[in-house]
């Protein structure tokens, strides 16, 4: 028992404290995944989403390898891995939904199924999905694969909420609303996902609902919120966005700046305690 406790204590030090700062950085990273992927994606070819995905997944693998071998939480490494999952997830979701013609609903259902399989395998491996209990490299890899899939799912779900697929890939000119998307405005999609996050917060504050479930719900929902909010920042007026000139570059620069500032704050914080759930927002106790 003592050995298991030491392992868990050692492993959890590689995961940030689940404070308000963590969630600000998570939303900034997931939104940057949307704007950053659009920044390097050039429309006009079926493989225009695949090439950025291959690049970003390469970055993910490199920094994940570093993350697996560091002995403690290193903010730049951890958040580069998080951001790379969001960038790769955005590019692959767009490739799957648009270039391959699966559509937003089919793509989302496929990713939900894959995420459930990952969580089931994780639970079989170690009968808890509590990130504070990650004590082996195998479970740590499952944690990161779950994040990669959930960020890909978040892009597909965000697109399903606030896009129509007409004129895109193999869906051009037809398909049911389930294939094409609900067609909410981008702002409505951001408000809807933001409202769902608030519901999770209320459940955390005012109910005794399982904290592990609430954590993962909040974690997953930040991605479609980031996807829709990112689109709102960079899309033209006619598509429901702010219509800022050079909006993609400006938004990506601001979000990257927020992440860098937050990482500096992480370094400036007092030495962390063994239990990172102190003063946490949507923490696991």
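Residue numbers (this note's numbering): 45 to 329.
Ideal Cβ placement from N, Cα and C applies to all residues, glycine included.
* **Straight-line Cα distance separating residue 258 from residue 247** => 8 Å
* Through-space distance from residue 138 to residue 281, alpha-carbon basis -> 21 Å
* To do: Kindly list the residues whose CB is nearer than 6 Å to the CB of residue 151, restricted to its own chain and excluding five residues on each side of it in sequence; keep chain order.
  => 140, 141, 200
* Asked: Roughly how many whole angstroms lie between the Cα atoms of residue 294 and residue 100?
  -> 20 Å
* Asked: In angstroms, rounded to a whole number, what distance separates the CA positions of residue 292 and residue 168?
  -> 42 Å
* **C-alpha gap between residue 275 and residue 230, whole angstroms** => 7 Å
* Element boundaries [alpha helix (DSSP H), containing residue 195] -> 181-206
* Quick one: what does DSSP say residue 60 is sitting in, helix, strand or coil? -> coil
* Within the same chain, show all residues whose beta-carbon is closer than 7 Å to that of residue 211, passing over the 5 residues directly before and after it, in chain order. => For residue 211, the predicted model reports a pLDDT of 40, less than 50, meaning its position is unreliable; a value from the coordinates is still stated below. Same-chain partners within the cutoff: there are none.
* Any chance the stretch 188-200 sits against the stretch 126-136, with 3 or more Cβ pairs inside 8 Å? -> yes
* With a cut-off of 8 Å on the beta carbons, I'd call residue 161 and residue 190 a contact; round off their distance for me. => The Cβ separation is near 10 Å, so there is no contact.
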